[in-house]
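If you count by my numbering, then the sequence shown holds residues 231 to 459, one letter each, in order.
C-beta atoms are modelled at their ideal positions from N, C-alpha and C, and glycine is treated no differently.
Here the structure is a predicted model, which means the values were calculated and not measured.
Some notes on the structure that comes next.
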Amino acid sequence: MAKLVLIRHGQSEWNLSNQFTGWVDVDLSEKGVEQAKNAGKLIKEAGIEFDYAFTSVLTRAIKTLHYALEESDQLWIPEVKTWRLNERHYGALQGKNKAKAAEKWGDEQVHIWRRSYDVLPPLLDADAEGSAANDRRYANLDPRMIPGGENLKVTLERVIPFWEDEIAPKLLDGKNVIIAAHGNSLRALSKYIENISDEDIMNLEMATGEPVVYDFNDKLEVQNKTKLD
């Protein structure tokens, strides 16, 4: 059976300061580094060996992958970075403190923006300061592909083509894969993999630095799901 391990990046500096992060490139906190290293130790203890690694183009996910692979003596394996595994884009909320946003717009509205499946946050203009349209890592993308804000539904729609084209074929070939990414891009993947309903996905949480292990059969059906702790 092929194995897939998902790891949400360790605590970031903006997780620590309670800010909306999205596509803003924020580093890991000290705790986040330790969480990423611990994930690697758990993987090593479980005896899981990988053939391929995937991550986003954001530092917190890339470093989490590298720390986890280093601790499990697998830093050498082939690695692919893609914007399609980026965190959900939080639009004009990015950089704002979550508690202050709740004071401004109300707890219920902020909760809807954060947790609903198909409600968009306030959008960020392409010419606004901090827009991904001005970031060199997206220079080769059609500008129409760069979002001004996303919900989980839109995030899933950009994650799934990469899953189908790049990740699923490797699992079907019996290869083991690790993905270090973000809370919402991994929730989108989990929704697709497990066929979770639009309503139930709202209750799925991805803990920072916790490896989630899927075992698949040769038809890419989930046979087992475990968390390493």
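When the options are compared against residue i, the one with the closest alpha-carbon
{"i": "ILE307", "options": "LYS328, ARG318, GLU279", "result": "GLU279"}
{"i": "ILE408", "options": "LYS330, LEU434, ASN268, TYR282", "result": "TYR282"}
{"i": "LEU350", "options": "TYR422, ALA369, ALA322", "result": "ALA322"}
{"i": "ALA437", "options": "MET375, HIS239, GLU396, ALA276", "result": "HIS239"}
{"i": "LYS311", "options": "GLU440, GLU396, THR456", "result": "GLU396"}
{"i": "ALA291", "options": "GLU440, ASN447, LEU458, ASN454", "result": "GLU440"}
{"i": "ILE431", "options": "ALA362, GLN241, LEU386", "result": "LEU386"}
{"i": "GLU275", "options": "GLU424, VAL452, LEU299", "result": "LEU299"}
{"i": "ALA410", "options": "SER346, TRP313, SER247", "result": "TRP313"}
{"i": "GLU243", "options": "MET231, LEU236, ASP257, LYS233", "result": "ASP257"}
{"i": "ASN327", "options": "THR251, VAL384, GLU309", "result": "THR251"}
{"i": "LEU246", "options": "ASP303, LEU236, ALA329", "result": "ALA329"}
{"i": "GLU394", "options": "ASN268, TYR422, GLU380", "result": "TYR422"}
Inter-residue Cα distance where the pair is residue i and residue j
{"i": "PRO377", "j": "TRP253", "result": "10 angstroms"}
{"i": "LEU354", "j": "GLY277", "result": "44 angstroms"}
{"i": "VAL340", "j": "TYR320", "result": "11 angstroms"}
{"i": "LYS449", "j": "LEU402", "result": "7 angstroms"}
{"i": "ARG318", "j": "SER259", "result": "20 angstroms"}
{"i": "ALA358", "j": "GLY262", "result": "29 angstroms"}
{"i": "LEU305", "j": "GLU333", "result": "44 angstroms"}
{"i": "GLN249", "j": "GLN241", "result": "12 angstroms"}
{"i": "ILE273", "j": "ASN447", "result": "21 angstroms"}
{"i": "GLN324", "j": "ASP348", "result": "18 angstroms"}
{"i": "PHE284", "j": "GLY270", "result": "15 angstroms"}
{"i": "ARG388", "j": "GLU301", "result": "31 angstroms"}
{"i": "HIS412", "j": "SER286", "result": "8 angstroms"}
{"i": "VAL235", "j": "ILE342", "result": "29 angstroms"}
{"i": "SER427", "j": "ASN433", "result": "10 angstroms"}
{"i": "VAL229", "j": "ARG344", "result": "The requested residue 229 is not part of the displayed model; the chain covers only 231 to 459."}
{"i": "THR294", "j": "LYS267", "result": "8 angstroms"}
{"i": "PRO391", "j": "ALA369", "result": "20 angstroms"}
Helix, strand or coil at residue i [DSSP, three-state]
{"i": "GLU295", "result": "A quick correction: the sequence has Leu, not Glu, at residue 295. The answer is helix: DSSP assigns LEU295 an H, G or I state."}
{"i": "LEU371", "result": "coil"}
{"i": "GLU309", "result": "strand"}
{"i": "SER242", "result": "strand"}
{"i": "ILE237", "result": "strand"}
{"i": "LEU354", "result": "coil"}
{"i": "VAL349", "result": "coil"}
{"i": "GLN265", "result": "helix"}
{"i": "GLN339", "result": "helix"}
{"i": "ASP365", "result": "coil"}
{"i": "GLY321", "result": "helix"}
{"i": "ILE390", "result": "helix"}
{"i": "MET460", "result": "Since the first residue of the chain shown is 231 and the last is 459, residue 460 is not available in this structure."}
{"i": "ALA418", "result": "helix"}
{"i": "GLU303", "result": "Residue identity differs from the one stated: residue 303 is Asp in this sequence, not Glu. ASP303 falls in the coil class under three-state DSSP."}
{"i": "ILE376", "result": "coil"}
{"i": "ILE423", "result": "helix"}
DSSP bridge partner residues for residue i (one or two, in chain order)
{"i": "ASN327", "result": "GLN249"}
{"i": "ALA232", "result": "PHE446"}
{"i": "PHE284", "result": "VAL310, ILE409"}
{"i": "LEU258", "result": "SER242"}
{"i": "LYS457", "result": "VAL442"}
{"i": "VAL452", "result": "PHE446"}
Three or more C-beta pairs below 8 angstroms linking the segment 366-373 and the segment 417-428
The segment 366-373, when compared against the segment 417-428, does not touch it at the 8 angstroms Cβ threshold.
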